[in-house]
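Shown next, in structure tokens, is the structure this report addresses.
Protein chains: 2
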Amino acid sequence: MDMTMRDERVAVPAAAGGYEIHLAEGALARLPGILASTCGAARCALVTDETVAALHADRAAGAMRAAGLDVRIIAFPPGERNKTRETWAAVTDAMLAAGLGRDAAVVALGGGVVGDLAGFVAATYMRGVPVVQVPTTLLAMIDASIGGKTGVDTPAGKNLVGAFHPPRAVVADPALLATLPAEHLRAGLAEAVKHGAIADAAYLQWIGANGAALAAASTGALLELVRRSIEIKAGFVARDEHERGPRKLLNFGHTIGHAVETLSGYRLLHGEAVAIGMVAEAALGERLGVTERGSASAVAALLQGLGLPVAAGEFDARSVVEATRADKKARGGQVEYALIRRMGEGGVAPERWSIAVRDADAVASLDALRGDGAPC
Amino acid sequence: MDMTMRDERVAVPAAAGGYEIHLAEGALARLPGILASTCGAARCALVTDETVAALHADRAAGAMRAAGLDVRIIAFPPGERNKTRETWAAVTDAMLAAGLGRDAAVVALGGGVVGDLAGFVAATYMRGVPVVQVPTTLLAMIDASIGGKTGVDTPAGKNLVGAFHPPRAVVADPALLATLPAEHLRAGLAEAVKHGAIADAAYLQWIGANGAALAAASTGALLELVRRSIEIKAGFVARDEHERGPRKLLNFGHTIGHAVETLSGYRLLHGEAVAIGMVAEAALGERLGVTERGSASAVAALLQGLGLPVAAGEFDARSVVEATRADKKARGGQVEYALIRRMGEGGVAPERWSIAVRDADAVASLDALRGDGAPC
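Protein chains in written order, with this note's numbering: chain A, 1 to 376; chain B, 1001 to 1376.
Written out as structure tokens, the structure reads:
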């Protein structure tokens, strides 16, 4: 199968103007044309982290310069630890020092951290300049780069400061995944499992059947996974851009996931933390009578087969639940969880996407997971 | 005239949902009801500065608590000098420490600095929570609180970081102006003159004829001025929320105004700087053949009659023009100016709201103002 000739586009509607996800092997080469047609900016900040800069920035900037664009590369130290207000201010100041005006655009080249941070810089630079997302990790390509969520962490928790700022375009080039370390590839698969768990049982089965090919970064299997996950993610965003309803389902695994990610001091990758979170939240759903029995075991088995961690056991249950309280999803004092009803179907009841959970139930569920020889 | 019975509402459409400006003597008492009907939040952060906190916060918070709201007062040191990313982060952290979630709302109680900063906190808190603007200065009441512009300054210039975040409501209570120092009242009149200069020659004449009553803070004259200015400002916002066209006219006086405000180290009040900026930009417009001859002298005479400064002479022309380059309005290397064609009519030509100006022209215009015995 010759991937280089394929060019698929997925349209995402948005209140501030819809955008397209360009999915193709080699799509990076089309970035200058996409920038010209969607942003019309003559000057760009190429925001990235130092790891990605060494791998891809020169090529991306070279293509943009060859098309006549004035490009400034701004790289910050990699990792969730640096997704802070301080880095946001430093990138902003670098753009100001470069004399970039309201007519400039931002290109976010990197993983979820870069996309979130560069997107927030674009959202707030002179009250908003366009951003084009160019994800370089599987996680960013299938999830974080789509939907306009941007933001940074504070010492109190993840993504507590941010904005909805839809990109003008997403350039999804699976060829960029060739340089991705294996653990980052696996972490990205966790979000694909999430997409299946909330929306598509057949997709879950396909992931399970193709686990070996995916873990080996087979081009064909990865392209199929990227395509299907982008469709699912874009579908939720199209239905509910500002997460007032069904888009909440994409938070499955993320309430406990964010908590253990923070508690690990960001030693856990986001996708690893989400894997742990999905198992724990499936078990919580079973306890609450929301989720079909056996779902936690099933999702744990699938994730383990992909080489992902599933045990929250190293974290104290009360500390985890305490950390969930810093989450944005705390409403009126109780923490909201987006759960699944069964594998392939998200929600807590028809047209109900999340449920307020008492701390005691969350603690008991985490304790039970540890104590009874269940998946964790 | 018994003001207490009047309650006027001006509707402002906005892409994210329109809102109303509630204009009435004593409107502050209606804040709890307005919050309930527009935000539905049970918990609020009342964000203000220390000066306003001492004057009005207890009364505002008391009314809200009496209505069953959980209110946290967060006050920061007053002045443009504190409209920074650091203050934004500190207010955000205070809200996080108070356990406020995505279901909370922000009430911005204060002048333009408070409105801009608290609005930006609301725009970015957990990707956006509602804000209700309660302006306590004339400038904020007739201009800054309306239209959704929020943001903070950086060392490089004013309002370089921010977001469009329309309020859920604006509560304009002229009774709050009774505590406003005289120089702040005068500074606010500069924005009213701007409204007249860009849109309403008859209003300019009315301001000129009522200068003494306005400077003496006559309730009747002030209420009339607030009403007419709100109508003009809201009209521009309604036509062009995101400042892609006619809303640019509201920047008349603000390019040079922001520059001298920054160069003064914020010794000049914003309205004072805008007064200087309007005279300088009218003179620039005359030099460029855009603005009718005599407009600079006329606007200077009107502003001087209101006790406002009009001379940019203490600032070096090259330094002023250099400072304008940090402005958001720099596009493609040249600085954009929103000018007037004559007193009462903004724009540079039919359906053209701003013009790119070469630095040399701006410098020459400022030098000429100083040299030829003209108003500056």
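We put the CB at the ideal spot given by N, CA and C, even for glycine. From a predicted model like this one, the values you see are computed outputs, not experimental measurements.
So what's residue i in DSSP terms, helix, strand or just coil?
i: A:G157; result: strand
i: B:I1256; result: helix
i: A:L109; result: strand
i: A:V47; result: strand
i: A:I146; result: coil
i: A:F164; result: strand
i: B:Y1266; result: coil
i: B:P1246; result: helix
i: B:G1151; result: strand
i: A:G179; result: Correcting the residue identity first, residue 179 of chain A is Thr in this sequence and not Gly. It is helical.
i: B:T1092; result: helix
i: A:V363; result: helix
i: A:T291; result: coil
i: B:V1134; result: strand
i: B:S1218; result: coil
i: B:E1241; result: coil
i: B:E1314; result: coil
i: B:P1032; result: helix
i: B:R1102; result: coil
i: A:M3; result: Low confidence applies here, because A:M3 scores a pLDDT of 43, under 50, leaving its location unreliable; read the following figure in that light. Note: A:M3 maps to helix in three-state DSSP.
i: B:V1129; result: coil
i: A:N251; result: helix
Any beta carbon from chain A within less than 7 Å of residue i's own beta carbon?
i: B:G1148; result: no
i: B:A1108; result: no
i: B:L1100; result: no
i: B:F1164; result: yes
i: B:P1219; result: Looking at the sequence provided, one finds Thr at residue 1219 of chain B rather than Pro. Taking Cβ atoms only, chain A never reaches closer than 7 Å to B:T1219, which makes this a no.
i: B:L1096; result: yes
i: B:R1085; result: yes
i: B:T1124; result: yes
i: B:R1127; result: yes
Around the C-beta of residue i, are 16 or more other C-beta atoms found within 10 angstroms, so that it is buried, or is it exposed?
i: B:S1319; result: exposed
i: A:E183; result: exposed
i: A:S37; result: exposed
i: B:P1181; result: exposed
i: A:G40; result: exposed
i: A:P174; result: buried
i: B:R1267; result: exposed
i: B:G1265; result: exposed
i: B:G1257; result: buried
i: B:G1220; result: exposed
i: B:E1261; result: buried
i: A:P350; result: exposed
i: B:E1281; result: buried
So is residue i in contact with chain B if we call contact Cβ pairs under 7 Å?
i: A:V161; result: yes
i: A:L382; result: Any question about residue 382 of chain A goes unanswered here, given that chain A covers just 1 to 376.
i: A:A388; result: There is simply no residue 388 of chain A to check, as chain A begins at 1 and stops at 376 in what is shown.
i: A:A156; result: yes
i: A:T137; result: no
i: A:R65; result: no
Checking the sheet assignment: what are the DSSP bridge partners for residue i?
i: B:H1022; result: B:R1009, B:V1171
i: A:A356; result: A:E336
i: B:Q1304; result: Beta-bridge pairing links B:Q1304 to no other residue.
i: B:R1186; result: Answer is none; B:R1186 lacks a bridge partner.
i: B:I1073; result: B:L1046
i: B:R1342; result: B:E1345
i: A:G285; result: A:G285 pairs with nothing; no bridge assigned.
i: A:T324; result: Answer is none; A:T324 lacks a bridge partner.
i: B:T1124; result: Partner(s): none; B:T1124 has no beta bridge.
i: B:T1084; result: B:D1153
Report yes or no: do the stretch 110 to 126 of chain A and the stretch 147 to 157 of chain A share at least 3 C-beta pairs separated by less than 8 Å? yes
Is there contact here, the stretch 231 to 249 of chain A with the stretch 287 to 303 of chain A, by at least three beta-carbon pairs under 8 Å? no
Counting pairs of Cβ atoms below 8 Å between the stretch 156 to 165 of chain A and the stretch 188 to 201 of chain A, do you hit three or more? no
With a threshold of 8 Å, are at least 3 pairs of Cβ atoms found where one atom belongs to the stretch 43 to 53 of chain A and the other to the stretch 87 to 105 of chain A? yes
Touching by the beta-carbon criterion (3+ pairs, under 8 Å), the stretch 1083 to 1091 of chain B and the stretch 1054 to 1063 of chain B: The answer is no - the stretch 1054 to 1063 of chain B does not touch the stretch 1083 to 1091 of chain B, with fewer than three Cβ pairs under 8 Å.
Pairs of beta-carbons, one from the stretch 27 to 37 of chain A and one from the stretch 234 to 248 of chain A, closer than 8 Å: are there three or more? no
Would the stretch 339 to 358 of chain A and the stretch 197 to 209 of chain A be scored as touching if the rule is three or more Cβ pairs under 8 Å? Contact holds: three or more Cβ-Cβ distances are below 8 Å.
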